[in-house]
Amino acid sequence: MPKPATPHKAESSKHYPTNLASTKLGSAPLLPADIEGSALSLRLQHYLKPQDITQVWDAYRYADLAHHGVVRKTGEPYITHPVSVACILAELHMDVPTILAALLHDVVEDTDITTQDIKEKFGQQVAELVDGVTKLDKIEFQSASVAQAENFRKMLLAMSQDVRVILVKLADRLHNMQTLDAMRPEKQKLIAKETLDIYAPIANRLGLNAIYQELEDLSFQYLHPMRYNAISNAVKAARGNRKEVVSKILESIKHQLATMNVDAEVSGREKHLYSIYKKMTGKMTAFSQIYDIYGFRVIVKDLTSCYIALGALHALYKPIATKFKDYIAIPKANGYQSLHTTLFGPFGTPIEVQIRSVEMHNIADAGVAAHWLYKASDAQLTALQHKTHQWLQRLLEIQSDSADSLDFLEHLKVDLFPDEVYVFTPKGKILALPKGATAVDFAYAVHSGIGNSCVAVRINQDLAPLRTELHNGDHVEIITGALAKPNPAWLNYVVTGRARAHIRHFLKSQQSTESAHLGERMLNQALRALHVESSQITDAHWQKLIRDYGLKKKSEILTDIGLGKRQNVMVAHQLLAMTDENVEKHTKLPAKSLDTITIHGTEGMAVQFAQCCRPIPGDPILGFINKDKGLVIHTHDCPSVRKFKLDPDKWLDVEWEPESKRLFKTNLNLTVANQPGMLAKIASGIADAGSNIDNVSVEESDGSAYANLYFTVQVKNRVHLADLMRGLRKIPDVVRINRAKGNVANVVKKPTQ
Ligand code: MN
-19 MPKPATPHKA ESSKHYPTNL ASTKLGSAPL LPADIEGSAL SLRLQHYLKP
31 QDITQVWDAY RYADLAHHGV VRKTGEPYIT HPVSVACILA ELHMDVPTIL
81 AALLHDVVED TDITTQDIKE KFGQQVAELV DGVTKLDKIE FQSASVAQAE
131 NFRKMLLAMS QDVRVILVKL ADRLHNMQTL DAMRPEKQKL IAKETLDIYA
181 PIANRLGLNA IYQELEDLSF QYLHPMRYNA ISNAVKAARG NRKEVVSKIL
231 ESIKHQLATM NVDAEVSGRE KHLYSIYKKM TGKMTAFSQI YDIYGFRVIV
281 KDLTSCYIAL GALHALYKPI ATKFKDYIAI PKANGYQSLH TTLFGPFGTP
331 IEVQIRSVEM HNIADAGVAA HWLYKASDAQ LTALQHKTHQ WLQRLLEIQS
381 DSADSLDFLE HLKVDLFPDE VYVFTPKGKI LALPKGATAV DFAYAVHSGI
431 GNSCVAVRIN QDLAPLRTEL HNGDHVEIIT GALAKPNPAW LNYVVTGRAR
481 AHIRHFLKSQ QSTESAHLGE RMLNQALRAL HVESSQITDA HWQKLIRDYG
531 LKKKSEILTD IGLGKRQNVM VAHQLLAMTD ENVEKHTKLP AKSLDTITIH
581 GTEGMAVQFA QCCRPIPGDP ILGFINKDKG LVIHTHDCPS VRKFKLDPDK
631 WLDVEWEPES KRLFKTNLNL TVANQPGMLA KIASGIADAG SNIDNVSVEE
681 SDGSAYANLY FTVQVKNRVH LADLMRGLRK IPDVVRINRA KGNVANVVKK
731 PTQ
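Last residue of the sequence shown: number 733 in our numbering, and the count goes up by one each step with no gaps.
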């Protein structure tokens, strides 16, 4: 049984005293005895079974008792409000649970009755609907920005889950707007603005045309009373002036359709005032230029008839070519379908005509509610359901593979925005986050600094763990700590890329700190081996090294060493070369050569390729640090380094940079038949392979049948060299060809250049 209402709650600012005499409901107060003849009763009798209506009266009595003793300013019992809301929904032929929820919609919020009580008395479904409306009532729209209004609308829709919740909410808002008169003017404007920004667009998006237009016109009336009256009067005047014209046109349209055998219902219609106002302000036109305050609507039995009717009307009056729109072929986003055409009327006035089928008309009028409104109809039902279903899907941007196989009603229960969740920041801003987002995701969405230092969260005033999943409408406040750091465990539950990236970045930089420590120890070790005290290395040395490496910080070099990307020995040698006693020598070292860029990790060092083996990319190589020459690169199999290789302290393992565009010198040794023209043949073979000759020498071999030739050629790498040698081998009389390593200078006796 309902407990008595707490009277103080009735003064809550969100309910507006109503003068019932001015509403559509009829005489007041409504007492159980009067039910039979009430407006609600009359509407319900149209489409509900007697046992359903009995249930409605149960809910009525329950709500009446709960709100008992609470009166609106005008003296009417509070129950008149929920009854009016139920009336609006009964007009749309909403199902029984919706009507019950409408009657009970303020009971949980304004009295001591709980959702559990409702569930026990009226069942799970009704309780859920009432709970949904109660939750919507609790969130407030604060920001005036357009983007925030859009987010707020989405939040309301997402929170509704069941589309019937938002329908009850819209009916609630409509009745509050209808009875806004008794409010203070400032309050009226505030509520009217919210209605215009939030609720009217939702009604429009759901295709609830009648509710949408009434919400807009009522808001317009309270926001701009003067403009409203001016337009309203102008429309009235125009209505009077054009009365005769309108009925004449109406008659000729009817006649024309009849002669063409099109079964149609033709009516005149007037635009709603706010849309006329929007047209005037949007296009900066005067009222006298708005011709289409009147239009005609032609409703035919099916789709084909729409186009036949269109043809008939175009035969009657000439159409304005640019004003024809086929919303049947391409429906509007909210599922609206019709043919729109504008004709040159008999008196030079343009006539706007909408042509649609009965089914299209039902959807145009009631939108999402069309499903309930025309439930009773027969074979059309499935097609209508299907269509309503389809556009609801599109409307709500739901992507689901199995959509068509599922029942329509089941879909009404789905999350309207399955991928997003909308929550409030402490400043009242609404953030849209992916579904499943946690407090940590929220923190990073606000600011990376907040994310990196968050320690706890308050959700709707209560402390909660950081991993808590957020829900629509939550107020979220992050608590940060000065010494807090991201935790690797967060990666297990964050869902936003932003949070993930920031946490990873932090962990990486933390890892690099550790690597830098290791790198520093390794470098000191290498310096000690070279008998250099770390105190000998000054900031200036480091600055030069950082510059030479093209880096920004010393820690980057140390991190590279720690991570094994750079060799401590090489860095130590470079630093050694810069220390005071070596400065002179260092400056005399060969200038940085192009070769630097070809050997990994040697930026800023003098690098030379050994003349003996002439390494080329692809060769396994090692480097020797020479105090005079810098780093000298040899091939692994160069005979001249054989004796050093056993002593690991003397050499460095070095690597080629992956890509190098320059050419490298290398030596070739050829044995050829001692014939005239041989040199020219070989030179042209080298050129054919895309190589250059850097040097040639010929070993004298008096009287012998064979001659030895030494070439220094330029190649890109080992592959290029192999190609070159393969080409030369094909030349007749080339007996032997091989790459020369070791001290070739000994055999070069007669330079040719
Ligand atoms: Mn209410």
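Glycine included, each C-beta is placed from N, C-alpha and C at the ideal position.
If you measure between the beta carbons of residue i and residue j, is that distance less than 9 angstroms?
| i | j | result |
| --- | --- | --- |
| V215 | G275 | no |
| A82 | V143 | no |
| L293 | Y307 | no |
| M550 | L611 | yes |
| F691 | V676 | yes |
| I541 | L503 | yes |
| R207 | Y257 | yes |
| A660 | D713 | no |
| L428 | T460 | Looking at the sequence itself, residue 428 is Ser, so the reference to Leu does not match. It is not a contact, given that the beta carbons lie outside the stated cut-off. |
| D345 | S285 | no |
| A66 | A180 | no |
| L136 | L116 | yes |
| E304 | L253 | Looking at the sequence itself, residue 304 is Phe, so the reference to Glu does not match. It is not a contact, given that the beta carbons lie outside the stated cut-off. |
| L160 | I68 | no |
| H616 | P638 | no |
| R336 | R249 | no |
| L632 | I605 | yes |
| V87 | Y42 | yes |
| A552 | L498 | no |
| T651 | I711 | no |
| N156 | I178 | no |
Of the choices the options, whose alpha-carbon is the least far from that of residue i?
| i | options | result |
| --- | --- | --- |
| I483 | E494, Y307, A464 | A464 |
| G707 | F691, I666, A190, N688 | I666 |
| R501 | S535, V242, R438 | S535 |
| W470 | V145, F422, G499 | F422 |
| T60 | G477, R219, K223, L45 | L45 |
| Q554 | K305, V475, I33, K524 | K524 |
| L230 | E56, S489, G325, Y402 | G325 |
| G408 | K710, T78, E120 | E120 |
| E457 | D442, N467, T493 | D442 |
| L24 | V63, R153, G55 | V63 |
| K251 | D86, A295, E194, I526 | E194 |
| A39 | A669, K99, G49, H26 | K99 |
| L487 | L498, N467, G499, G477 | N467 |
| Y316 | G187, A289, I178 | G187 |
If you drop the 5 nearest sequence neighbours on each side, which residues of the same chain put their C-beta closer than 8 angstroms to that of residue i?
| i | result |
| --- | --- |
| V695 | I596, L643, F644, T646, S671, L701, L704 |
| R719 | T646, N647, L648, N649, L701, M705 |
| V437 | A419, F422, A423, L443, A444, P445, L446, T448, V456, E457, I458, I459 |
| A412 | N131, K134, E400, V401, Y402 |
How should residue i be labelled, buried or exposed, when 16 other C-beta atoms within 10 angstroms of its C-beta is the threshold for buried?
| i | result |
| --- | --- |
| D454 | buried |
| P406 | exposed |
| V226 | buried |
| A663 | exposed |
| L72 | buried |
| L283 | exposed |
| E108 | buried |
| Q104 | exposed |
| D358 | For D358, the predicted model reports a pLDDT of 43, less than 50, meaning its position is unreliable; a value from the coordinates is still stated below. It counts as exposed. |
| Q505 | exposed |
| R374 | With a pLDDT of 47 at R374, under the threshold of 50, the predicted position of this residue should be treated as unreliable, and no value is reported. |
| E245 | exposed |
| E635 | exposed |
| Q491 | exposed |
| D519 | exposed |
CB of residue i to nearest heavy atom of the ligand ATP: below 8 angstroms?
| i | result |
| --- | --- |
| V65 | No copy of the ligand ATP occurs in the structure displayed; its ligands are the ligand MN alone. |
Ignore the nearest five residues each way along the sequence and tell me which others in residue i's own chain have a CB closer than 6 angstroms to its CB.
| i | result |
| --- | --- |
| L323 | Y297, P299, I331 |
| T559 | Q516 |
| G598 | N697, R698 |
Can you find the residues in the same chain that come closer than 7 angstroms, C-beta to C-beta, to residue i, ignoring five residues on each side of it along the sequence?
| i | result |
| --- | --- |
| G416 | E449, V475 |
| A309 | none |
| Y786 | Shown here, the chain extends from -19 to 733; a query on residue 786 therefore has no answer. |
| A496 | S535, L538, T539, G542 |
Secondary structure, alpha helix (DSSP H): runs of 4+ residues fully inside the region 254 to 338: List check, alpha helix (DSSP H) in window: 283 to 296.
Alpha helix (DSSP H) segments (min. 4 residues) lying fully within the region 636 to 707: Runs found: 658 to 668.
In chain order, which continuous runs of the alpha helix (DSSP H) of length 4 or greater are located wholly inside the region 538 to 564? Correct list: 548 to 558.
Which ranges would you report for the alpha helix (DSSP H) in the region 49 to 122 if only whole runs of at least 4 residues count? Taken in chain order, the complete alpha helix (DSSP H) segments of 4 residues or longer contained in the region 49 to 122 are 60 to 71, 76 to 84, 87 to 90, 95 to 102, 104 to 118.
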